[in-house]
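One line per chain: the protein sequences are A and B, in this order. Its first residue numbered 141, the first sequence is counted upward by one per residue in our numbering. Its first residue numbered 141, the second sequence is counted upward by one per residue in our numbering.
There are 2 protein chains.
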Amino acid sequence: MTPRKQELLDRLIAYLIEHGPADLSLRPMAEAIGTSARLLIFHFHSKEELLADVLGEMQARLRRSILKLQAGLDPEGDTPLLRVIWGWALAKENFGHLRLLYAMHILAIQDPRAHARYLKKNAVDWLELTMAALPPSRRDPAFATLLGAVFDGLFIEVMGTGNRRRATRALDQFIHMARQTPAASGRKR
Amino acid sequence: MTPRKQELLDRLIAYLIEHGPADLSLRPMAEAIGTSARLLIFHFHSKEELLADVLGEMQARLRRSILKLQAGLDPEGDTPLLRVIWGWALAKENFGHLRLLYAMHILAIQDPRAHARYLKKNAVDWLELTMAALPPSRRDPAFATLLGAVFDGLFIEVMGTGNRRRATRALDQFIHMARQTPAASGRKR
DNA sequence: GGCGTCATGTAACGATCGTTTCATGAAACG
DNA sequence: CGTTTCATGAAACGATCGTTACATGACGCC
Numbered sequence: 141m142t143p144r145k146q147e148l149l150d151r152l153i154a155y156l157i158e159h160g161p162a163d164l165s166l167r168p169m170a171e172a173i174g175t176s177a178r179l180l181i182f183h184f185h186s187k188e189e190l191l192a193d194v195l196g197e198m199q200a201r202l203r204r205s206i207l208k209l210q211a212g213l214d215p216e217g218d219t220p221l222l223r224v225i226w227g228w229a230l231a232k233e234n235f236g237h238l239r240l241l242y243a244m245h246i247l248a249i250q251d252p253r254a255h256a257r258y259l260k261k262n263a264v265d266w267l268e269l270t271m272a273a274l275p276p277s278r279r280d281p282a283f284a285t286l287l288g289a290v291f292d293g294l295f296i297e298v299m300g301t302g303n304r305r306r307a308t309r310a311l312d313q314f315i316h317m318a319r320q321t322p323a324a325s326g327r328k329r
Numbered sequence: 141m142t143p144r145k146q147e148l149l150d151r152l153i154a155y156l157i158e159h160g161p162a163d164l165s166l167r168p169m170a171e172a173i174g175t176s177a178r179l180l181i182f183h184f185h186s187k188e189e190l191l192a193d194v195l196g197e198m199q200a201r202l203r204r205s206i207l208k209l210q211a212g213l214d215p216e217g218d219t220p221l222l223r224v225i226w227g228w229a230l231a232k233e234n235f236g237h238l239r240l241l242y243a244m245h246i247l248a249i250q251d252p253r254a255h256a257r258y259l260k261k262n263a264v265d266w267l268e269l270t271m272a273a274l275p276p277s278r279r280d281p282a283f284a285t286l287l288g289a290v291f292d293g294l295f296i297e298v299m300g301t302g303n304r305r306r307a308t309r310a311l312d313q314f315i316h317m318a319r320q321t322p323a324a325s326g327r328k329r
């Protein structure tokens, strides 16, 4: 990864966050970030590889952000990590980043054959990360899946409606429910 | 809506369900359903209008299916509507339909200005439908939002990973949690 | 039996797509 | 200084896009 390529990558991500993945034609992208389609192909070899690089870099950044939030979590406070991440996700400077990631994820799902490896790795990664963040009494794949789904679903709701308040209330209600229900119905299946 | 147009619409939906919204170019679509791009434009006036018609028809069908499930729900049984809809959504003959709807919804989100009216109407419709299906003690926008988000998030998880079993366990766990937590934390905010 | 409306085929338009070819400037290195 | 490597520009390639112009059947109506 040459410095020039890294710089182009940074600018590409900023552009895509602002414009969304609707128009990812090389020429408009290139012009917007002050270069040319010729250069994008030169540095990334193909459009597909370019998008893969963008996706990879964005996920790496997201992961770093999440780990930072986790590390900075007050161990005495009663604000769960899920709630902290939610606040982070709704912040202006992060919302676009996450929105683009969700959009590209859904787009990848449309072509399962082309992106099968990415989808699998991504899913496993997040499940493991979620599991690791859970207290041992709750460390159950189904519950971890539920956590992720609640987050995903509510974020998509906010993307579609913009109604942050109602989604946040829904999340708080979920957290309340989770606290009232001690463990996975008492027995492991 | 002429009969010919309706027939084309049916075939379009079947085609899109099978092929996903990845390639919605007129010519391949037209050829696959035994017509021509010329005819699609003739009947639907433009590609944009065609997609809007497809989306509208698919949503109408989904709504009819949901209402039918709701009507056929055993009032004495303890299987909640959410669980019944989940089973319906995972059935082979319905999964593709729902997957396409989710994909097109996410695509619409990318262009909020172009699809603002649709997004708003859709969100309101589903919230109202969910609220109406809820027992009065639970008829709270936040809880209805949470229900929708859990469903959306788990369905997207299944689309991405194919792991129906884990997602279904997660849903069951959610239902269990909801039953253990009587009302919206006891007080309205 | 003329006549308008619906349906359809052929062919083309201009635009844009990802990518390639060819050429050159700049800069680093021996 | 010569050579090699990196970076870039201009222009074009063939393909495909949504859409349109034009012509032609098919068919019901008066």
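No residue lacks a Cβ here, since even glycine has one placed at the ideal position from N, Cα and C.
Distance between residue j and residue i (C-alpha atoms, nearest Å)
i               : j               : result
V298 of chain B : E171 of chain A : 38 Å
Q313 of chain A : L195 of chain A : 32 Å
L180 of chain A : I315 of chain A : 45 Å
L191 of chain B : T321 of chain A : 44 Å
L149 of chain B : F184 of chain B : 9 Å
T175 of chain B : A154 of chain B : 14 Å
K261 of chain B : R203 of chain B : 14 Å
P220 of chain A : L311 of chain B : 21 Å
P215 of chain B : F182 of chain B : 48 Å
L269 of chain B : A256 of chain B : 20 Å
M271 of chain A : A284 of chain A : 6 Å
L267 of chain A : Q199 of chain A : 14 Å
L294 of chain B : I296 of chain A : 12 Å
R309 of chain A : L286 of chain A : 17 Å
Q210 of chain A : W228 of chain B : 38 Å
E158 of chain B : P143 of chain A : 43 Å
L259 of chain A : R178 of chain A : 30 Å
L152 of chain A : S186 of chain A : 14 Å
E188 of chain B : D218 of chain B : 44 Å
G288 of chain B : M317 of chain B : 15 Å
H166 of chain B : K145 of chain B : The amino acid occupying residue 166 of chain B in the given sequence is Leu; His does not appear at that position. L166 of chain B and K145 of chain B: Cα-Cα distance of roughly 15 Å.
L238 of chain A : R319 of chain A : 27 Å
D292 of chain A : K208 of chain A : 20 Å
M141 of chain B : R201 of chain B : 16 Å
P168 of chain B : G212 of chain B : 40 Å
G160 of chain A : P252 of chain B : 10 Å
I173 of chain A : D265 of chain A : 32 Å
I206 of chain B : E147 of chain A : 50 Å
A254 of chain B : L222 of chain B : 32 Å
W226 of chain A : W226 of chain B : 26 Å
For residue j and residue i, believed in contact at Cβ under 8 Å, the rounded distance
i               : j               : result
V290 of chain B : V224 of chain A : With 8 Å as the limit, V290 of chain B and V224 of chain A do not qualify as a contact, their Cβ atoms being about 20 Å apart.
L156 of chain A : L240 of chain A : 6 Å
A263 of chain B : T301 of chain A : 4 Å
Q250 of chain A : A162 of chain B : 5 Å
L230 of chain A : R304 of chain A : 6 Å
For the stretch 225-237 of chain A against the stretch 220-234 of chain B, do three or more pairs of beta-carbon atoms, one drawn from each stretch, fall closer than 8 Å, so that the two count as touching? no
Could you tell me which whole beta strand (DSSP E) segments of length 3 or greater appear in the stretch 197-270 of chain B? none
What are the residues in the stretch 312-324 of chain B lying within 8 Å of chain A by C-beta distance? D312, Q313, F314, H316, M317, A318, Q320, T321 and A324
Say whether the stretch 239-248 of chain A touches the stretch 194-209 of chain A, bearing in mind that this needs 3 or more beta-carbon pairs closer than 8 Å, one atom from each stretch. yes
Would the stretch 263-279 of chain B and the stretch 269-280 of chain A be scored as touching if the rule is three or more Cβ pairs under 8 Å? no
Please list the residues of the stretch 252-267 of chain A that have a C-beta atom closer than 8 Å to any C-beta atom in chain B, keeping them in chain order. L259, K260, N262 and A263
Between the stretch 279-299 of chain B and chain A, which residues of the former have a C-beta closer than 9 Å to a C-beta of the latter? D280, P281, A282, F283, A284, T285, L286, L287, G288, A289, V290, F291, D292, G293, L294, F295, I296, E297 and M299
Length-filtered (4 minimum) alpha helix (DSSP H) runs lying within the stretch 292-323 of chain B: 304-320
Where the stretch 142-162 of chain A meets chain B: residues whose CB sits under 9 Å from a CB there: G160, P161 and A162
Closer than 7 Å, Cβ to any Cβ of chain B: which residues of the stretch 222-243 of chain A, in chain order? A243
Interface positions of the stretch 192-219 of chain B facing chain A (Cβ-Cβ less than 8 Å), listed along the chain: none
Give the residues from the stretch 173-194 of chain A that approach chain B closer than 8 Å (Cβ to any Cβ), ordered along the chain. none
Ordered list of alpha helix (DSSP H) runs contained in the stretch 162-186 of chain A, each at least 4 residues: 166-172 and 177-184
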